[in-house]
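The listed protein sequences derive, respectively, from chains A and B. Numbering follows the working numbering, with no gaps: position 117 of the first sequence is 117. Numbering follows the working numbering, with no gaps: position 329 of the second sequence is 1329. All C-beta atoms, glycine included, are put in the ideal place defined by N, C-alpha and C. A short worksheet on the structure shown next.
Number of protein chains: 2
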Amino acid sequence: MKAKPEQPHVVIVGAGFGGLRAARALSGAPTRVTLIDQHNYHLFQPLLYQVSTAGMSADEIAYPVRAILRRQKNASFRLARVRAVDLAAKRLETSAGMISYDYLILAVGSVTNFFGMESLKQHAFSLKDLDEAKEIRNHLLKMFEKASHEKDPQRRKALLTFVVVGGGPTGVESAGALSELTRLALVKDYPDLDLQDVRILLLEGANRLLPAMPPDLSAFTLEALKRKKVEVRLGAIVESFNGRQVILKDGQALPAHTLIWAAGVQAHPLVASLGQPVGGQGRVRALPTLQLPDYPEVFVIGDAAYLEDPANLPLPMVAPVAMQQGDCAAKNILRHIEGEALKPFVYRDPGALATIGRNQAVAKIGGLKFRGFLAWMVWLGAHILRIIGFRNRLIVLINWAWDYFFYDRAVRLIEPNCLNEVESKISLSQEGKS
Amino acid sequence: MKAKPEQPHVVIVGAGFGGLRAARALSGAPTRVTLIDQHNYHLFQPLLYQVSTAGMSADEIAYPVRAILRRQKNASFRLARVRAVDLAAKRLETSAGMISYDYLILAVGSVTNFFGMESLKQHAFSLKDLDEAKEIRNHLLKMFEKASHEKDPQRRKALLTFVVVGGGPTGVESAGALSELTRLALVKDYPDLDLQDVRILLLEGANRLLPAMPPDLSAFTLEALKRKKVEVRLGAIVESFNGRQVILKDGQALPAHTLIWAAGVQAHPLVASLGQPVGGQGRVRALPTLQLPDYPEVFVIGDAAYLEDPANLPLPMVAPVAMQQGDCAAKNILRHIEGEALKPFVYRDPGALATIGRNQAVAKIGGLKFRGFLAWMVWLGAHILRIIGFRNRLIVLINWAWDYFFYDRAVRLIEPNCLNEVESKISLSQEGKS
């Protein structure tokens, strides 16, 4: 049904897993829906590490929001950056002007958390959006180019030492993929480089990898990474990184030009600007119904929201939570419109999956545990099923035919313009000199 | 055979069609070959307009040079920007240090020629490399986002007016693809926009399109573009463009926020720095053997070289000339090493092809002329055959399997890092205000 102006206006901020799910859950409902995002595409975050390690192209894990919402008559998209939320006046201050709402769903997600360490903020890479993933990819490849004509063996080793910090899924997946990129692909492009010079380290502060997994799967992951020649260090805490060497809390120094920070996230800064009580990682405390305590028309979901499970543990900052909360928030808004009682959010854990690279993974689904190739098949199947709507490589061929015969276009991402030729020149010439 | 240090060192500058062909022609020859380029990928330029009109992704028309040269034992690649050529000392000053040569092949290609018009240089888009193509794509999509919430009809029309300047293949192909992107794809994403507001103009200073084609094919092209709702203006000369309106020589003003300049190229500036006599478009005058008159060890090929055909007409700045000259230069270098007489370059014209968008094209091959769908099939076939080595969409599926089972990677392009988030923020917020 076409949206009517007199219908309540639901504004959703953020086109991630949660916001997108909420928008779709309101399809056909008697509401006007406006989805706002600073990018014109939805990003399939779980495969971002594949872009950073040159396994997939950016276009394959991003999909234009307008195309997703195309058939949803009551929804419209707005490309804009939300600067502030005026809870009292029920409106948003955005880069595209003021936008008023009757109901608001905040699905702004999270950003990298460097825990206030300036040196990391300046020199480390993080992996939260497409640009960062491309930056990492470009940097990795430049390190190999530099190393290929670096005479000094110590400097060459430092150029080829890649440190990943954080033993969660992102860190494990990045380290595994990095090992394969270097040892299986790049080695062919750089026949003169000695593989022994390439070092990949995975640093984790706790005493095991993948804390969300059962201990035996953590142990399996550790072994699998070792087989991939990844040096895993548990109980290793990073103190600083100046772009040339990593300093650990125990005083140890690792000469390395690359540090990928996958050790923490926190709620998007917009959340703090609300001035509402927050829980861990700066996530705003929401009622079980996902509403803000003092603003029943405002719902917070996903990484931005702090809720606890029955065991009083904070809900994890993962896609399944965001998606289920997106559904819940949409349903509760419709209940509120109908004057019905709102229902509390209940999380149904679909299990956890992490790949350790090609044909190795660990999975926990319900009571079941998988490891190795079987788990990897599960992982692959799960992701292909989830990404299929986002036109991954498996259906690019179909897209191509579709494109030509049904007049559609696949690639419609707005990336920031790449105008800093000068900078890249400079960096290139510095490479040359070093 | 593995290159030996005592073998003559052939340095090739530029990994375009000419440079790459020259490098491959020296495969197995008793020479050391170093290919230098400022990018680590070869760009399939003929399809660049597809990237700028969101028809293909950047990765699909670019391919890592190292992967192309992987099996060529006597060749190595150097990612570097050549700053100057010291002809007397036989060495290059590059961003990666000094590089000496015994033989030099300059295949540096061409850059956009704005004929000294500053306003165009500042505000117009050109289409010579991947970043420019992405810029255009991003800009086009932003114009539609802006128009989608622009209340003022005049401003909206200006936002949706796209001016392409230059009636050569690039201009014709861009205008045709632009028409299809807007009228067949974007219109679905912006249901509230009125198609009548979208204007695509193709301006050509001469009295017909595709001057390299027979007049009847030019006429056919004109009609085909009109059917695609492209307004073609012949004898229209651009005087200036301030980013808001295009001023023509006849004083006419066209309100438009987009001008794509495809009206001229000139030899890469490095050519002028040689201080050698130049012909049209700043191309250095080479001997029929492709050598520089005073420097027999230096060969110039492709867009950078000025040669005339038997009818004393300058050879066109197109890929086939560059590729054939790449072969010729390589063979002549081997002859020079053997002390044999060098052979003059003879151009074998393979014909001309230009697509006018989906299922419409014109082609001239030998005495034969094709038009319409048949010509388009010829165009498609020709390009698929030529690009197939560059892993286009048709074989992405195979790549994917390959990637997983044979440990290779498809995407290995170094783009300039996209760090100007700030700028994109600003432009975005300005959009919001306008």
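Item to check | Rounded Cβ spacing between B:G1300 and B:A1286 (contact assumed at less than 8 Å) | outcome: Here residue 1300 of chain B is Val; the residue named in the question, Gly, does not match the sequence. Rounded, the Cβ-Cβ distance is 5 Å, consistent with contact.
Next on the checklist: If you reduce the DSSP assignment to three classes, tell me which class B:M1001 lands in.
Outcome noted: A caution first: B:M1001 carries a pLDDT of 42, below 50, which makes its placement in the model too unreliable to give a value.
Checklist entry - How far does the alpha helix (DSSP H) with A:I136 in it reach, from first residue to last? => result L130 to S148
Next on the checklist: At the level of alpha carbons, what is the spacing between B:D1059 and A:E338?
Outcome noted: 50 Å
Checklist entry - To which residues of the same chain is A:R393 closer than 8 Å at the C-beta, ignoring the five residues directly before and after it? => result Confidence is the limiting factor: at A:R393 the pLDDT is only 42, short of 50, which leaves the residue's position unreliable, though a coordinate-based value still follows. Cβ within range, chain order: M56 and E60.
Checklist entry - Given that a residue counts as buried once 16 or more other Cβ atoms are within 10 Å of its Cβ, and exposed if not, what is A:Q38? => result Buried: at least 16 other Cβ atoms inside 10 Å.
Next on the checklist: Within 9 Å of any Cβ in chain A, is that where the Cβ of B:R1078 sits?
Outcome noted: yes
Checklist entry - Anyone know if the C-beta pair for B:G1167 and B:L1203 falls short of 9 Å? => result Yes, the Cβ-Cβ distance between B:G1167 and B:L1203 is below 9 Å.
Next on the checklist: Below 8 Å on C-beta distance, what does A:P64 contact in chain B?
Outcome noted: Listed along the chain, the chain B residues whose CB falls inside 8 Å of the CB of A:P64 are D1189.
Checklist entry - Quick one: which chain B residues come within Cβ less than 8 Å of A:E118? => result Ordered by position in chain B, no residue passes the 8 Å Cβ test against A:E118, which lies about 18 Å from the chain.
Next on the checklist: Quick check: is the beta carbon of B:N1040 nearer than 9 Å to any beta carbon in chain A?
Outcome noted: Residue contact check for B:N1040 against chain A: a CB pair falls below 9 Å.
Next on the checklist: So the candidates are B:A1262, B:V1238 and B:M1117; which of them puts its Cα closest to the Cα of B:A1253?
Outcome noted: B:V1238
Checklist entry - Between the segment 1248-1265 of chain B and the segment 1085-1104 of chain B, do three or more beta carbon pairs fall short of 8 Å? => result no
Checklist entry - Quick one, which of A:K121, A:E231 and A:Q245 has its alpha-carbon nearest A:V172's? => result A:E231
Checklist entry - Beta-carbon of A:G243 versus every beta-carbon of chain C: anything under 9 Å? => result Within the model displayed, chain C is absent; protein chains A and B are what it includes.
Next on the checklist: For a cutoff of 9 Å on Cβ pairs, would you count A:L259 as touching chain B?
Outcome noted: Closer than 9 Å: no.
Item to check | Closer than 8 Å: A:A96 CB and nearest the ligand NAD heavy atom | outcome: With respect to small molecules bound, the structure shown includes none, and the ligand NAD cannot be examined in it.
Checklist entry - Per the contact definition of three or more C-beta pairs closer than 8 Å, is the segment 122-139 of chain A in contact with the segment 318-336 of chain A? => result no
Next on the checklist: By the three-class DSSP mapping on this structure, what secondary structure does B:H1123 have?
Outcome noted: helix
Item to check | Per-residue contacts from B:R1070 into chain A (C-beta, under 9 Å) | outcome: Within chain A, the C-beta atoms nearer than 9 Å to that of B:R1070 come from K188, D189 and P191, in chain order.
Checklist entry - Do A:L491 and A:V246 have their C-beta atoms within less than 9 Å of each other? => result Shown here, chain A extends from 1 to 434; a query on residue 491 of chain A therefore has no answer.
Next on the checklist: Per DSSP, what are the beta-bridge partners of A:S27 in this structure?
Outcome noted: Paired residues: none, contrary to the question.
Item to check | A:S174, DSSP secondary structure in three states | outcome: Here A:S174 sits in helix by DSSP.
Next on the checklist: With three or more beta-carbon pairs closer than 8 Å as the criterion, would you say the segment 97-107 of chain A touches the segment 297-315 of chain A?
Outcome noted: yes
Checklist entry - How would you call B:I1282, buried or exposed, if buried means at least 16 neighbouring beta carbons within 10 angstroms? => result This sequence places Gly at residue 1282 of chain B; Ile is not what is there. By the 10 Å Cβ count, B:G1282 comes out buried.
Next on the checklist: For the segment 1148-1170 of chain B, list every residue whose C-beta sits within 9 Å of some C-beta in chain A, in sequence order.
Outcome noted: S1148 and H1149
Checklist entry - Quick one: which chain A residues come within Cβ less than 8 Å of B:S1027? => result The contacting residues do not exist; B:S1027 stays about 15 Å from chain A at best.
Next on the checklist: Taking DSSP's pairing of strands, which residues face B:H1009 in a bridge?
Outcome noted: B:R1032
Item to check | DSSP state of B:H1336 mapped onto helix, strand, coil | outcome: helix
Next on the checklist: The beta strand (DSSP E) that contains B:V1085, what's its start and end?
Outcome noted: V1082 to D1086
Next on the checklist: Using C-beta distances below 8 Å, list every residue in its chain close to B:Q1154, excluding the 5 sequence neighbours before and after it, in chain order.
Outcome noted: P1255
Checklist entry - Does DSSP put A:G351 in a helix, a strand or coil? => result Three-state result, A:G351: coil.
Checklist entry - If A:F241 and A:L120 are in contact, beta carbons under 8 Å, what's the gap, nearest whole angstrom? => result 6 Å
Next on the checklist: Going by the DSSP bridge assignment, what does A:H42 pair with across the sheet?
Outcome noted: A:Y63
Checklist entry - Exposed or buried, B:F1373, counting other C-beta atoms within 10 Å across all chains shown (16 or more means buried)? => result exposed
Next on the checklist: By the three-class DSSP mapping on this structure, what secondary structure does A:L184 have?
Outcome noted: helix
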